[in-house]
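This report concerns only the one structure given below.
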Amino acid sequence: MSNARAENAPGQNKTHDIIVNGRPRQVSDHKLTYIQVVQLAYPGETPTDLIVFTVTFSNPHGKDGSMVEGDSQVIKDGTIFNVRKTDKS
30 MSNARAENAP GQNKTHDIIV NGRPRQVSDH KLTYIQVVQL AYPGETPTDL
80 IVFTVTFSNP HGKDGSMVEG DSQVIKDGTI FNVRKTDKS
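Position in the sequence shown (from 1) plus 29 gives the number in the working numbering.
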């Protein structure tokens, strides 16, 4: 299948409606990394030696968990992410 045909195949350009810190977001990726989730919650910020982000999630199919730097998570419509920023001072 050519790239053009693959891009136009059903479900290839699907967006997902998710919630990040209580705010609706729409993303086109079917998988989000820890850093992408942090960026959705706190645009322009990244973890440092003094700032840590705690990421937890739940999806409509009952899978709950947490993410750490380097993790990624397959998302479904309705997935909820909670991101907390902590100062290690």
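Just so you know, even glycine gets a beta-carbon here, dropped at the ideal spot from N, CA and C.
| query | result |
| --- | --- |
| Alpha carbon to alpha carbon, how far is G73 from H90? | 31 Å |
| In the DSSP assignment, the alpha helix (DSSP H) including I47 goes from what residue to what residue? | Premise fails: I47 lies in the beta strand (DSSP E), H45 to V49, not in any alpha helix (DSSP H). |
| Taking the CB atoms as reference points, tell me whether I64 and K114 lie closer together than 8 Å. | no |
| Nearest to D93 by alpha carbon, out of T108, F82 and G99? | T108 |
| Between which two residues does the alpha helix (DSSP H) holding I64 run? | Y63 to A70 |
| Please confirm whether S101 and T62 have their CB atoms less than 8 Å apart. | yes |
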